[in-house]
Amino acid sequence: EAALMALDVGLGDEVIVSDYTFVASASAVIATNAVPIFCDINPSTLVMDVTKVKELITERTKAIVPVHLGGNPVNMEHLMELASNYDLKVVEDCAHAHGSDFKGKKVGNWGDAGTFSFQASKVLTSGEGGAIICNNSELADKIYSYIDCGRKKDEYFYKHFSYGTNYRMTEYQGAILRTQMQKFSEQHELRNQNAAYLMKELNKIDGIKTMEPTPGTTNLGWYVFPLVFDPAKFGGLTKSKFYNALNDNGIPTDDCYPPLHSLDCFKFTNLKKGIDYSKANWGGEKSNDANFPIVSDVYSRSVEFPQEMLLAPREKLDNVIEFIKSLKNITLN
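So the sequence shown is numbered by the UniProt record's numbering: it starts at 1 and just counts up by one.
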């Protein structure tokens with residue numbers, strides 16, 4: 001929200017956002033009085049399909065918010081080329097992607113700004129809070145002012161130069177984060193090793209497909225470990241039964257994000273009054289799953305393991321692999 005506001009995204013503008021992400025990626029757009037335009041995903045990488053972005057661009061498009069889901073980078077090289085051709089701003093949502101690189105360049109450094117989350121479930125956490133990075137001092141000053149009640153650095157405390165709010169992190173949270181950062185490199189390496197092992201072994205199971213790193217990814221900062229299963233290969237097992245079987249047998253498993261186009265909060269009647277959402281490619285009759293076939297299918301068959309599992313001993317991962325194999329055998333017999 002702060003980055004979009006500082007980039008002058010506002011009333012009537014359109015911002016292209018992945019349909020497969022946490023609600024905040026799009027509610028931040030609504031907060032600026034702009035319109036989120038949802039983009040379907042790549043079925044293998046589960047992130048924004050850059051080839052579909054171009055068809056969503058209109059004369060009202062102001063920005064793109066690529067979401068590096070689960071730590072998996074969007075193809076930023078192609079996206080930035082597209083953004084440059086249409087003079088669009090890019091705010092990278094790196095909430096999941098601490099430590100991720102695309103073609104040797106850290107995520108968050110490709111776009112006009114990169115935003116990171118330190119919420120409780122993240123691989124770097126201070127309980128709540130976040131950070132914004134950019135390489136433009138004027139933009140940085142605007143962001144600083146917005147998150148600090150419209151103040152400017154080194155000015156009198158009760159001088160307020162523009163509209164702003166209070167998104168400041170407390171010193172206590174900052175102290176917690178500094179401690180977490182000391183552990184990050186070691187944990188990051190372990191998560192990568194364990195994720196690679198799970199990918200290799202789980203993809204041997206007919207009917208299981210794990211998230212594929214985007215081609216060009218040189219470092220993936222795993223936040224969650226998504227996998228998509230084929231019910232037909234598991235005796236017609238439903239997603240809810242697959243999910244419950246894992247959890248009931250001591251394997252911590254979460255549901256994935258429901259597609260944003262399906263959420264009640266983005267229906268016309270629940271949005272801000274006085275903003276023209278009628279031309280958006282979602283809402284009303286356009287919010288059905290047929291307009292977002294990939295994400296709708298993926299969500300109906302996917303679950304994810306939390307990042308804590310990727311810090312577990314190898315024998316724990318073997319238990320997960322063996323249980324899924326046995327679950328498949330049980331459902332087919």
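Beta carbons are placed, not taken as given, at the ideal position from N, Cα and C, and that holds for glycine.
Every unbroken beta strand (DSSP E) inside the stretch 124 to 175 [3 residues or more]: 130 to 133
Euclidean distance between Cα positions of R191 and I57: 37 angstroms
Three or more C-beta pairs closer than 8 angstroms, one from the stretch 176 to 188 and one from the stretch 284 to 303: is that the case here? no
Which value, in whole angstroms, describes the spacing of the CA atoms of Y163 and I251? 47 angstroms
What does the alpha-carbon distance come out to for the pair V29 and L4? 7 angstroms
Taking just the CA atoms, how far does L198 sit from C94? 23 angstroms
Between which two residues does the beta strand (DSSP E) carrying F229 extend? 224 to 229
L165 to Y144 span [Cα, whole Å]: A small fix is needed here, since residue 165 is Thr in this sequence, not Leu. So the two alpha carbons sit approximately 10 angstroms from each other.
Exposed unless 16 or more other CB atoms sit within 10 angstroms - verdict on T61: buried
In whole angstroms, what separates the C-alpha of T51 from that of H188? 30 angstroms
Which same chain residues, not among the five before or five after G12, have their C-beta less than 8 angstroms away from its C-beta? N33, A34, V35, R60, I275, D276
Three or more C-beta pairs under 8 angstroms: does that hold for the stretch 234 to 248 against the stretch 102 to 121? no
Apart from the five residues just before and just after P73, which ones in its own chain have a Cβ nearer than 6 angstroms to its Cβ? S100, F102, V107, T214, T217
Going by CA-CA distance only, name the one from N136, Q307, A312, K325 that's closest to A120. Q307
Taking buried to mean at least 16 other C-beta atoms within 10 Å of its own C-beta, is C39 buried or exposed? buried
Contacts around L317, its chain only, beta-carbon distance under 7 angstroms, and the 5 residues preceding and following it disregarded: N194, Y197, L198
Please report the straight-line C-alpha distance between G283 and A175, rounded to a whole angstrom. Note that G283 has pLDDT 49, beneath the 50 cutoff, so the model's placement of it is unreliable and the number below is only indicative. The alpha-carbon atoms of G283 and A175 are separated by roughly 43 angstroms.
Fully enclosed by the stretch 35 to 105, which alpha helix (DSSP H) runs are 4 residues long or longer? 76 to 86
Give the single residue among A232, F22, S18 whose Cα lies nearest to the Cα of R301. A232
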